Each structure stands twice: as structure tokens, then as C-alpha cells.
Amino acid sequence: MFTTTPFSIWELNEKLLHGLENIGWEFATQVQKETIPLALSGKDVIGQARTGSGKTAAFGLPTMNACQASGELQALILAPTRELANQVAEELNNIQGEMGLIIQTVYGGTDLEKQARSLQSGVDIIVGTPGRVMDMTERGHIDLGKPDFFVLDEADRMLDMGFFPDIMWIVERMSGRSQTLLFSATFPQEIIDAANEFMNDPDFVLTNTEKLDIPPIEQYSVRVGRANKLWVVGRLLARMSDEDQTIIFTNTKRMVDLLVQRLKKHRFDVEGIHGDLSQNQREKIISKFKNGECKVVIATDVAARGIDVDGITLVINYDVPDDVDNYVHRIGRTGRIGRKGEAWVLVGRDDLPQINKIAATHSLDIIATEAPDLPDGIDRDPVRKQEDNSEAADVFGMVPIKISTTDMSKYSIVELLISSLNCSELAIGDITINDDHSVVEVHNKHASLALRSLNSNKLDASIIEG
Ligand code: ADP
Ligand code: MG
């Protein structure tokens, strides 16, 4: 990830170089090495590199290098979420050393008038989210004609259908724009096509094609039905040490809330973040997470994009992401800058095609395994395992059970089951008598009991997994 290229080989402002030295940054990362000289030469750049590879500084250094502490707006950087805007602004402040640039965040959910006043007192760089930047522009607090530099972080997200019209609205008003930088971990072709609409013959730098650059993240998948996902989460969390931090991804805001509730019931100390929380709440949680006070966060994709927390050693995909690229962004929350990390994905039967597609698209090595054992010293599952045959059931909830006998008639099998399960005939489905075994379908609700009673009749019954 790090190269042997020192920052000092580029003609960066002395103060910037000094700043880097002060925080102990000596060598550029691969993406920095490849994109910084291009950006310094004035070219438009599209930079793709895996998560945690130092993209913020890759656009931040050339951008700040071109700015002066004049209080005039010279650069506009957009990010998809408020947290990410904050994080980028923090990182820029961290590396700007003594340049004295005023870097101001502009995003919704905070007092607009207060933001407007601080913009009026002078700003060199704005790091914002599109909605609030548009709002402030319409109210006359931001003059989009001014900035020379335009940067999109998490650019694939910024140019997807949700944001694209807003970005174009902003681009159209940036009459002074002379250089544009786009960075992300993934760039689907349609996003590059969209970017070409407003970029000037960009150089495309891709640093994550080589095998070597795959993050040191061990990836595992566990086949498990809905009913026992929480049990697996319990096992995974039980293995964590005090220094470890975990982020759990779900596909919906509602699932974030549900999972927070359920894990709290099982005495796990967890917090959830998603777009429906107030700005204040979100910031509080992120900062508790960053300083290690909070160990486990449950989040949606959007809320967690780009969040850089060093201590994250475990990523759990509670739901398989609907979007193929989101998987890469999710697991990239761990294994930051050379650290080790683990990513687990819980895969239900219906998720199999999607996880296979994800692995194939990004040539990922996701190892299929079982839920981990309980660590030494812990002898009880934090969350109890449920009996669950739903994974083997068909769409009508019928579970096929194989029995060893071939000399019972269909009628006697039905009789046996109905009397021992005390259930209606409807709970028993098709029965097939084969040469060396028979198969009987039993409704999911009764399947476990059916197994037990068949086995107690020495029929050697087992569920046929889907
Ligand atoms: P990305 O945007 O590619 O996911 P970040 O820009 O958030 O990654 O960087 C990840 C971490 O690496 C940050 O904590 C950042 O401060 C650190 N970092 C970036 N570049 C360097 C470097 N050249 N030397 C040391 N640390 C770096
Ligand atoms: Mg980033």
C-alpha cells in the first residue's frame, strides 16, 4: 500500500510538506503516488483505489496546494454524507500544517444562518453535501462561480441516479471551474460515462486491479436462515477483544433499529446510525465510535460510507447488500491502512445468487464456513440458537424430509405424522416412495417435531437441505 515515494519529491507548498512531516507521514500510498503528480500538473483525474488507501490526501494535497489563505472560495469538495464531509474536513485540517486555509463544512441538519455567517467571514475550501450547498447557493451565501477546484469524494455514489441531478445543478453554476477530481473505491462504467459529461479529458488511475492490492481482509460467509442470524452475530461478537470494534451492516433503516433493539436485549452495548437520526445524534455516535467508547455500530450503507475508524477489526454483513459495489465499501471499513480485518456475511438461501455475483464481480475470495465456535472461557451462547427449518422449506413453507423406509404406504406415513404431531392434514404435503427411501413434506412449523417422532419410530429421518 505504501510506496517508497516520499512526499518531498513533488513541488508541494513548504508548509504542506512541513505539516506532513509533523504528523509523521513520510511516504505516499499507491493512489497518492499515481494521482498527485497528475493533479499537480492541472489535469482532471478519476482515481480509483480501494477503501482505506489514502484517497482523501490524494485529492486533498493537490487541492490545498493550489489554494491560498485568502478567505476567497477556491475549492468545493462534495461528499455524500455529513459525517464524511466532517471526516474529510478533519483530514484536510490535519494535513494542511501551517497553511492557514479556512476549511468550512456545509451540510444540512445544522443551523443555516450560523453557517451562512461563518461563510461570510471568509472561507477558502468548502466541504459539503450537495443539498445544503445548493440551498446556500440559492440564498446567495455561496458563489459557485468562484472555485477553481471541484472534487467529488465517493464519486460513484455522488454520480448515481439519486445525486446526479444535484451534481449537475452545481456543475452548471461553477463557471470558474478549471480542474475536477473524482475519487472512489469503485467506478461502474455508467458512472465514468456520466463523469465524462463534465470533465475535461480526465486521466483514469486505477490502483486496485492487482491482486496485491486487495485489502488484508479475511472474508467468510455463513449459510444461515433469518431466525438464526442473531445467533451468529452473538458468536461473532463473543470473540471480540476489548480493543476490537465492529460495524454491522443492514440493508434498511428499519433493520438497523430492530437489530439495535434485539442486541440490546441480549445485553450488547450497540448503537445504530442511519439517515433518520438527527445530525446531532449521528455526530455523537460517530465520535463515540471513533474514540472507542462505543464498540459496535449498526448502520446502513449510506450512513457508513467512507467512515474511517482505525479500530474496526470486524465487519458483519447482516444482510447481503443489494448493490454489488456496496459489499466492497462495507468490508473496506476494516483493514484500514495495512491493518488486518475480518468480514463476515450472513447468507440465507435466497441470498446465494447475490453473494455469488458479488464474489464474481470483484473476484473476491469469500470462504464458506460455519458460525465460529464460542471462545475459550465462554460456554453459553450470547443468543440462543433457534430451531429453524425455513432454509430447507419451499415457498409454501413445506420442508422435505427423507426417511429410510420404503415399505410404509403413503397413508400410514400420514397417519403416523398426524397422530404424533397432532396437526391437520394440510401440514403434510406430497409423499414420494422411491426405490431406497421415501420423502415426505411437512410444514416448517412441524418439521422439527416430525423429525423427532419419525426418528423415535426408527425411520432414520433427515431434512433435505434446499
Ligand atoms: P480512503 O478515502 O481511501 O478510504 P482515507 O483517506 O480515509 O482512505 O485514509 C485512510 C487512513 O490512512 C486515514 O486515517 C489517513 O489519515 C491515513 N493515511 C492516508 N495517507 C497516508 C500516508 N501517506 N501516510 C500515513 N497515513 C496515511
Ligand atoms: Mg475516503
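Here the sequence shown is numbered in the working numbering, starting from 833 and rising by one per residue.
All C-beta atoms in this analysis are idealised placements derived from N, C-alpha and C, irrespective of residue type, glycine included.
This structure is a prediction, so every number in the text was calculated from the model and none was measured.
- For the beta strand (DSSP E) assignment, the uninterrupted runs of no fewer than 3 residues enclosed by the stretch 1129-1167 are, from N- to C-terminal side, 1144-1149.
- Rounded to the nearest whole angstrom, the C-alpha separation of Thr1264 and Thr1237 is 11 Å.
- Going by DSSP, Glu915 is part of no beta strand (DSSP E) but of the alpha helix (DSSP H) stretching over Arg914 to Ile927.
- In the DSSP assignment, Ile1117 forms no beta bridge with any residue.
- In the structure shown, the three-state DSSP call for Trp842 is coil.
- Secondary structure note for Pro869: its alpha helix (DSSP H) is the uninterrupted segment Gln862 to Leu872.
- Residue environment for Lys1097: exposed (fewer than 16 other C-beta atoms within 10 angstroms of its C-beta).
- Boundaries of the beta strand (DSSP E) harbouring Pro1232: Met1230 to Ile1235, taken from the DSSP string.
- Taking C-beta atoms as the reference points, Ile974 and Val983 fail to come closer than 8 Å.
- In the DSSP annotation of this structure, the continuous segment of the alpha helix (DSSP H) that includes Leu893 starts and ends at Lys887 to Asn897.
- Using a cutoff of 7 Å, the CB of Lys847 does not count as near the ligand ADP, since none of the ligand's heavy atoms is closer than that.
- The stretch 858-867 and the stretch 994-1005 do not touch, with fewer than three beta-carbon pairs separated by less than 8 Å.
- Distance from the C-beta of Glu915 to the nearest heavy atom of the ligand ADP is not below 7 Å.
- Within the stretch 927-1012, the complete alpha helix (DSSP H) segments of 4 residues or longer fall at 944-952, 962-970, 987-990 and 996-1005, listed in chain order.
- Relative to the ligand MG, even the nearest heavy atom lies 7 Å or more away from the CB of Thr837.
- Beyond the five residues adjoining it in sequence on each side, Leu1206 comes within less than 7 Å, by CB distance, of Arg1067, Ala1070 and Asp1213 in the same chain, given in chain order.
- Looking from the CA of Thr1078, the closest CA among Gln1111, Asn1032 and Ala1136 belongs to Ala1136.
- With fewer than three CB-CB distances shorter than 8 Å, the stretch 1178-1191 does not count as touching the stretch 1087-1095.
- One alpha carbon belongs to Ile1105, the other to Ala1131, and they sit about 5 Å apart.
- In terms of CA proximity to Glu970, Leu944 leads the group Ser950, Asp992 and Leu944.
- Each of Ser1251, Glu1273 and Glu1050 was checked against the Cα of Thr1201, and the nearest Cα belongs to Glu1050.
- For Leu1038, the enclosing beta strand (DSSP E) has its first and last residue at Asp1035 to Leu1038.
- Note on geometry: alpha-carbon atoms of Glu1174 and Tyr1052 lie some 8 Å from one another.
- In the DSSP assignment, Trp1176 is bridged to Tyr1052 and Ile1148.
- Annotation for Glu923 indicates a beta carbon within 7 Å of some heavy atom of the ligand ADP.
- Tyr1243 counts as exposed, since fewer than 16 other beta carbons sit within 10 angstroms of its beta carbon.
- Per DSSP, reduced to three states, the secondary structure at Asp1089 is helical.
- The closest heavy atom of the ligand MG lies 7 Å or more from the beta carbon of Asp1183.
- For the options Leu844, Thr913 and Thr861, the alpha carbon positioned closest to that of Ser1110 is the one of Thr913.
- Sequence-distant Cβ neighbours of Leu905 in its own chain, meaning closer than 6 Å and more than five residues away, are Val955, Lys978 and Pro979.
- Annotation for Ile1245: Ile1263 and Val1272 place their beta carbon closer than 6 Å to its own, counting only its chain and skipping 5 residues before and after.
- According to the DSSP secondary-structure assignment, Ile1079 is paired through a beta bridge with Val1129 and Val1147.
- With 16 or more other Cβ atoms inside 10 Å of its own Cβ, Lys1061 counts as buried.
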